[in-house]
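Position 5, counted from 1, in the sequence shown is what UniProt numbering calls 5; the numbers after and before it change by one each time, with no gaps. Quick reminder that beta carbons are idealized off the backbone N, C-alpha and C, glycines included. A short write-up of the structure that comes next.
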Amino acid sequence: MVRDLSRLKTRYIRSSRFKWDIASLLPTDLLYLKLGIHTPLVRVNRFLRTGRLNEALDRMETRTSYPNTFRVAKLMLYIFVLIHWNACIYFSLSNYIGFGADPWVYPNISDPDFASTRRQYFYCFWFSTLILTTVGDTPTPEREEEYLFLIADMLIAVLVFASVVGSMGDVISSLRDRDNVFFPNHELVKGYLRSRHISKELQKRVNDWYQHLHINKKITRENEILQHLPITLQTATAVSVHLPTLSKVTIFQNCEKSLLEQLVLKLTPQVYSPGEYVCKKGDVGHEMYIIKEGKLAVVADDGVTQFAVLGDGNFFGEISILNIKGNKSGNRRTANIRSIGYSDLFSLSKEDLTETLLEYPAAKRLLEEKGRQILTKMGMLEETDEGEGAVEKTEDKVNRLEACLETLQTKLARLIAELESSARKMMQRVEQLELQTEGWEGIVAEGAQGETEEREKVKEREVGDGKGEGEKEDEEEPVVEGERGEGDGGEESLGEKKNVKESEKEKEETEEELIKTETHQDQKRDEK
């Protein structure tokens, strides 16, 4: 919320609302000095304040403790203003037509009975009221102007009547909704009891219970009423209402305030009728109870003998919702508790307490220790230290295993993420290499084919040269033909081997250059 006056002033001056406010405050009344007092239109700029009036009324409606009464009063104000304006128009029309010109207009002001200003206003106001409330009983109009005025008024009267009926219906509906908060579905319950032929005695008890809620304004559905509020406001409201009561419970004393704030949201209000049992001996305890108002008696099995009386602020059943090991009663009720009159109680279920204590392990151990102390004083606790220690050790192991499991799950998730990232990078790398080496296979194949053709040409040339030399030697030295033929064949084989080695060497050098080029391109890409 902005509270800086300078910022608020700047925002207001820049808004369009500021211009309307300035226009409504202009001193147009000074024009009376020139035009005379019979020109009321000089103050028409005052109508520009209507928006501010509606804003003020809306704020008052939200702040008042009686909004329905305020709505009715606001509606009556609107109707009164409308009748007033209509009366002024009627008087002006009568003046235009002529006072006393016919029975429909205002009588002649020369008549002493109708000359006073007060009489003129009251007569016009009465005439306007007859028309706008659709009562009728007005003189029949005789002129066209009178007919038009009456038609317009009747149309407006229809809207006024509809708005009155609708507004009153909303007020009545709001009152009914408010009653349903304290008096929920009484008619439905009564109809159900009649249709099921429930005994008159039980029907009377149900009706008396509802009557008690209605008279004393008891609320049994607090959560439904506050459910539309933000959780912070719900907590603040519940703390304001229930925290003092919850703080009186022995086992909750010295607990964290945040724990108590969570528990007050779990409290459920309950109302018990006279003679109604809250719990009976031997029942399994699922709730603990805190007495807000009323008297409860601890009675014997006969329901008559009283051992003790519990009053405002007392509580019972707190041990049964803690699940303390070694409790001889086994979380069962150990007494009969009966309401003497109408009693207002708060109940806290075992499920709600367990759910809340999951977030407060230290408070859980503290509450269990207090419960053991109470059971020890009552003699209701069995000595099971070893068992308790084993349970605590087991709980520690379970907690440790859960922590280790969470850690392993976190590490596994991280490793999976890293593996997926590496796989994506590898696929991108392979795709890039495929794009770069698309034309290499053709180039290598063409180079190999060219080398093969060159080798064949060299072989053919060498073979041709060898044949020419052999013929010459045969002509000159026929005796050593075989030796020369063998020597030439050896030289030819050596030349071929040499050429093959050179070709392989060139191929290896080409491949090395390609690899170097690829490595250089990868390094540049990594640097980018």
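Pairwise C-alpha distance: residue j and residue i
i	j	result
LYS411	THR452	59 Å
ASP283	TYR192	29 Å
GLU256	ALA362	10 Å
PHE307	ARG205	26 Å
GLU351	LYS266	10 Å
THR64	HIS228	20 Å
GLY311	PHE346	13 Å
GLN211	LEU41	59 Å
PRO112	PHE127	19 Å
ASP4	ARG14	16 Å
THR129	MET154	11 Å
GLU471	ARG455	Model confidence at GLU471 stands at a pLDDT of 48, short of 50, so the residue's coordinates are unreliable; what they give is reported in the following sentence. In a straight line, the C-alpha of GLU471 is about 25 Å away from that of ARG455.
VAL135	LYS34	43 Å
ARG48	ARG176	Contrary to the premise, residue 48 reads as Leu rather than Arg in this sequence. Distance between the alpha carbons of LEU48 and ARG176: 38 Å.
SER247	ASP21	54 Å
THR376	ILE324	12 Å
THR133	HIS38	30 Å
VAL304	LEU357	39 Å
PRO107	GLY100	4 Å
ALA238	VAL72	32 Å
GLU187	VAL241	30 Å
SER174	ASP58	17 Å
PRO230	GLU359	21 Å
THR69	ARG143	43 Å
PHE315	THR232	27 Å
SER110	TRP104	17 Å
LYS218	LEU322	30 Å
LYS364	ARG7	51 Å
Buried or exposed (CB count within 10 angstroms, at least 16 for buried), residue i
i	result
VAL2	exposed
GLY371	buried
GLN262	buried
GLU509	exposed
LYS328	exposed
LYS9	exposed
GLU406	exposed
PHE18	exposed
TYR289	buried
TYR12	exposed
VAL278	buried
residue 562	There is no way to answer for residue 562, as the model of the chain reaches only from 1 to 528.
ASN336	buried
ILE215	exposed
ILE291	buried
GLU483	Confidence at GLU483 is low in this model, with a pLDDT of 41, below 50, so its placement is unreliable and the value that follows should be read with caution. It counts as exposed.
Boundaries of the beta strand (DSSP E) in which residue i is found, first to last residue
i	result
PRO269	268–272
ASP312	Taken as a continuous stretch (DSSP letters only), ASP312 belongs to no beta strand (DSSP E), as it is neither H nor E.
ASN336	336–339
VAL299	296–299
TYR277	277–279
Identified DSSP bridge partners for residue i
i	result
LEU381	ASN327
MET288	LEU348
SER343	TYR272
GLN432	Answer is none; GLN432 lacks a bridge partner.
GLU293	ASP344
ARG332	VAL284
GLN306	VAL299
Span of the alpha helix (DSSP H) around residue i
i	result
CYS124	117–132
residue 530	Because the chain here runs from 1 to 528, residue 530 falls outside it and cannot be looked at.
CYS255	Careful: CYS255 lies outside any alpha helix (DSSP H) and carries neither H nor E.
VAL241	231–247
LEU93	67–97
THR140	Neither: THR140 is in no alpha helix (DSSP H) and is coded neither H nor E.
PHE18	16–24
VAL206	200–216
VAL189	186–195
residue 529	Beyond the ends of the chain as shown, which are 1 and 528, falls residue 529; an answer cannot be given.
ASP58	50–63
Residue-level contact to chain B via CB, residue i, 7 Å cutoff
i	result
THR28	Looking for chain B here will not work: only one protein chain is present.
Report yes or no: do three or more beta-carbon pairs, one from the stretch 285–295 and one from the stretch 324–341, lie closer than 8 Å?
-> Short answer: they touch.
Does the stretch 84–100 touch the stretch 114–131, meaning 3 or more C-beta pairs lie closer than 8 Å?
-> Contact holds: three or more Cβ-Cβ distances are below 8 Å.
Contact between the stretch 94–102 and the stretch 193–200: three or more CB pairs below 8 Å?
-> At 8 Å Cβ cutoff, the stretches do not touch.
Is there contact here, the stretch 337–344 with the stretch 265–281, by at least three beta-carbon pairs under 8 Å?
-> Yes, since at least three Cβ pairs between the stretch 337–344 and the stretch 265–281 fall closer than 8 Å, the two stretches touch.
Three or more C-beta pairs below 8 Å linking the stretch 154–164 and the stretch 70–79 | Yes: at least three Cβ pairs fall under 8 Å.
The stretch 236–255 touching the stretch 294–306, judged by at least three CB pairs closer than 8 Å = Output reads no: the stretch 294–306 does not touch the stretch 236–255.
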